[in-house]
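Taking it in order: structure first as structure tokens, then the write-up.
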Amino acid sequence: MQRAKVFRNNIFAGLLSKFSESEYSFVYDKEYLKLPNIKPISLTLPLQEDEFKSNHLFPFFYNLLAEGKLKDIQCHELKIDKNDDFSRLILTTKENTIGSITILKDEI
4 MQRAKVFRNN IFAGLLSKFS ESEYSFVYDK EYLKLPNIKP ISLTLPLQED EFKSNHLFPF
64 FYNLLAEGKL KDIQCHELKI DKNDDFSRLI LTTKENTIGS ITILKDEI
């Protein structure tokens, strides 16, 4: 299993987990849900205590990834398989992302 901490405006928002190639989940942090005027990380992942489940990487997270030549460069430099979207997500979205979301590898 791989896990990643998801932050919105540098505030810990929840955990994204990959259990297998066909099993992913995202769950909001209970403390994040208690904050006043807090917003969801995505319209497709509304604020809720229940876990979101998917058989592929959630489109919201997939859309944070580079494409084309930049993807090729990142995979070469970081020695990541081009088909390993979860590892690319963890290694390339910890800073300088478009928008308010950043992602860090969770050391289990």
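All residue numbers for the sequence shown refer to our numbering, where the first residue is 4 and numbers rise by one.
Using N, Cα and C, we set each Cβ at its ideal position, and we do this for glycine too.
Residue i - partner residues in DSSP beta bridges
| i | result |
| --- | --- |
| TYR31 | GLY17 |
| ILE104 | ARG11 |
| PHE61 | Answer is none; PHE61 lacks a bridge partner. |
| SER45 | LEU48 |
| GLN5 | LYS21 |
Residue i, buried or exposed, once every other Cβ within 10 Å from all chains shown has been counted against 16
| i | result |
| --- | --- |
| LEU19 | buried |
| ASP88 | buried |
| LEU46 | exposed |
| THR95 | buried |
| LYS82 | exposed |
| LEU48 | buried |
| PHE22 | exposed |
Assumed close pair residue i, residue j - CB separation to whole angstroms, cut-off 8 angstroms
| i | j | result |
| --- | --- | --- |
| ALA16 | TYR31 | 6 angstroms |
Local conformation of residue i per DSSP, three classes
| i | result |
| --- | --- |
| LYS74 | helix |
| GLU80 | helix |
| LYS85 | coil |
| LYS97 | coil |
Touching by the beta-carbon criterion (3+ pairs, under 8 angstroms), the segment 57–73 and the segment 35–42: Segments in contact, no.
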